[in-house]
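Undergrad:
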Amino acid sequence: AGAAIKDETLRHLDRYLEQFEAAATAAGATVHWAPDAAAANRIVTELAIAHGVTEIVKAKSMATAEIGLVEALAAAGIDGYETDLAELIVQLSADLPSHIVVPAIHRNRAEIQEIFARNMGHFGKPAPPGLGDDPAELAAAARAHLREKFLATSLAVTGANFAVAETGSLLLVESEGNGRMCVTMPHILISVVGIEKVIPTWRDVEVYLQLLARSATGERMNPYTSVWTGVHDGDGPQEVHIVLLDNHRTDVLADEVGRDALRCIRCAACLNVCPVYERAGGHAYGSVYPGPIGAILSPQLRGLTDPVDRELPYASTLCGACGDACPVEIPIPAILEHLRAKVVDTERSLPPSPERAAMKAAAAVFGHPLAFRAAERAAALSRKAFRNERGITAVPGFAGWFGARDLPDPPAESFRAWWARTDGGTR
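Numbering (the working numbering), first residue to last: -19 to 407.
1) Sorted by chain position, which residues of the same chain lie with C-beta nearer than 7 Å to G371's C-beta, five sequence neighbours on each side aside?
2) Please name the residue in R357, S296, C250 and S329 whose C-alpha comes closest to that of T285.
3) Once DSSP output is grouped into helix, strand and coil, what is the label at N409?
4) By DSSP, does T230 sit in helix, in strand, or in coil?
5) Is Y294 helix, strand or coil when you go by DSSP?
6) Would Y294 be called buried (16 or more neighbouring beta carbons within 10 Å of its own) or exposed?
7) Is G60 helix, strand or coil by DSSP?
8) Three Cβ pairs or more, each shorter than 8 Å: is that satisfied between the stretch -8 to 10 and the stretch 93 to 104?
9) For N368, count the other beta carbons within 10 Å of its own beta carbon; 16 or more makes it buried, fewer makes it exposed. Which is it?
10) Just the C-alpha distance for A355 and E317, rounded to the nearest angstrom, thanks.
11) For A136, name the three-state secondary structure that DSSP assigns.
12) Roughly how many whole angstroms lie between the Cα atoms of K129 and I170?
13) So, are the CB atoms of E146 and Y204 less than 8 Å apart?
14) Residues in the same chain with beta-carbon distance under 7 Å from T(-11), minus the five sequence neighbours each way, listed in chain order, please.
15) Given a cut-off of 8 Å, decide if V308 and G(-18) are closer than it, judged by their beta-carbon atoms.
16) Any heavy atom of the ligand ADP within a distance shorter than 7 Å of the CB on L135?
17) Tell me which same chain residues have a C-beta within less than 8 Å of the C-beta of G48, skipping the five on either side of it?
18) Would T209 and P166 be called neighbours here (beta carbons separated by less than 8 Å)?
19) Give me whichever residues DSSP pairs with T10 in a beta bridge.
20) Between V81, I92 and P391, which lies nearest to A248 when the distance is taken from Cα to Cα?
21) How would you label M161, buried or exposed, when you count the other beta carbons within 10 angstroms and need 16 or more for buried?
22) Identify, in the order they occur along the chain, each residue of the same chain with its Cβ nearer than 7 Å to the Cβ of D64, setting aside the five sequence neighbours on each side.
23) Taking only three categories from DSSP, how would you classify N88?
24) In the structure shown, what three-state DSSP assignment does D(-6) receive?
25) So, helix, strand or coil for E146, using DSSP?
26) Residues in the same chain with beta-carbon distance under 8 Å from R396, minus the five sequence neighbours each way, listed in chain order, please.
27) With a threshold of 7 Å on Cβ separation, who are the neighbours of T297 within its own chain once the five nearest residues in sequence on each side are excluded?
28) Exposed or buried, what is H125 when buried is set at 16 or more other beta-carbons lying within 10 Å of its beta-carbon?
29) DSSP beta-bridge partners for V172?
30) Once the 5 residues before and after S149 are set aside, which same chain residues still bring their CB inside 6 Å of it?
31) Give the straight-line distance between the Cα atoms of R89 and E117, rounded to the nearest whole angstrom.
32) Pull up the distance between the alpha-carbon of V185 and that of E327, whole angstroms please.
33) Do you know offhand how far A301's Cα is from I312's?
34) Considering only their Cβ atoms, is the gap separating I36 from L135 smaller than 8 Å?
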């Protein structure tokens, strides 16, 4: 059902977006359209400046991380404070998230205690003296630190898990309550929402609330599901802005194969079963979106001009576990294969990299016996120029390759030369 609803919505996305805008505007919200990251950052920054805000609180949002909102606000002299516990840990340590649902899963409690004790005071209320690494103590320290921010800040920025076209409502699903504080306490609320988050009706919400909780955390329902629709006099934010973010989502929608990635509900079920993610971790993907979903979403949102994005479709064994685990039936392996084909087409039009040039040269040498024998002799003669006690650790022009690996020292005599000299090993 989840896949069918998303497919129907994406087929008629323009209609549902217009319906959402009309309903949200009628309820008192102001809807902004952001074609790209720069436009979204500009809208939020200008709103903050117009209200004389120098600090904002922020709920966990992958869309705002995707566009680099906190960095854009900082460039304008506005401090953005994460209020999700895991995102707070990541921010205090100047780190990067490594998981969609649990961004600080790569940190243990001893590391978190050290981060709180060392850095919390630089962002606001410091950690209490003698803070230990007991989870209850750490949670209490974070609670005291964040409560001060909530009480002092008049503007909050959130994302949304779903946007209901029927009523212009936004839903935020979380497990800590910080999101609810963001959507109820500040005077001004700005929500940055990817256009693919729109769903038609409240009947559809029921389906996704069951899918999301069970696929993300194994719970029957999430601890906190917050809903806000426009402005209500004397209750909650008195100024609500909704920034509908494209940022290449319409380009993804135009791809008949790749568009299925827009079904994603950010549950991380694919990460939890992926053998590559298990061994490499989230930071290896170089993207806000790690794991299998990141391997198909990031190259489509960012394009294939960057070498990192061209490598992401290959960060998979194609075992199919991610596709089986996905609650909205995204055919991740098929999209990976589709993107690999696009990478090959893209690289044909690019100037050859040193690695590709080396591989082409090697193919030519291996394909001609005389050239191969000449290369063997050249390797034996040049080994003295580049080798040391660890083998060959540097060759001019290949610093990037040798920065992560060494090359074994080639033998003084090749197998072919030994075979000829010993008459096949008989003497």
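Glycine included, every Cβ here is placed at the ideal spot set by N, Cα and C. The structure displayed is predicted, hence computed values, not measured ones.
TA: Here's the rundown:
1) D386, L387, P388 and D389
2) S329
3) The structure shown does not extend to residue 409, since the chain spans only -19 to 407, so no value can be given for it.
4) helix
5) helix
6) Y294 counts as exposed, since fewer than 16 other beta carbons sit within 10 angstroms of its beta carbon.
7) strand
8) no
9) exposed
10) 36 Å
11) Secondary structure of A136 (DSSP, three-state): strand.
12) Roughly 17 Å between the two C-alpha positions.
13) Their beta carbons are not under 8 Å apart, which means E146 does not touch Y204 by this criterion.
14) Y(-4), V178, I179 and P180
15) yes
16) Of ligands this structure carries none, so the ligand ADP is not represented either.
17) A17 and N21, listed in sequence order.
18) no
19) The beta-bridge partner set that DSSP reports for T10 consists of H221.
20) Among V81, I92 and P391, the Cα nearest to that of A248 belongs to V81.
21) When all chains shown are included, M161 counts as buried.
22) A39, K40, E156 and N158
23) Taken through DSSP and simplified to helix, strand or coil, N88 comes out as coil.
24) helix
25) Reduced to three states, the DSSP call for E146 is coil.
26) R353 and E356
27) P255 and V256
28) buried
29) V223
30) V207 and T209
31) 11 Å
32) 42 Å
33) Straight-line measurement puts the Cα of I312 at about 9 Å from the Cα of A301.
34) yes
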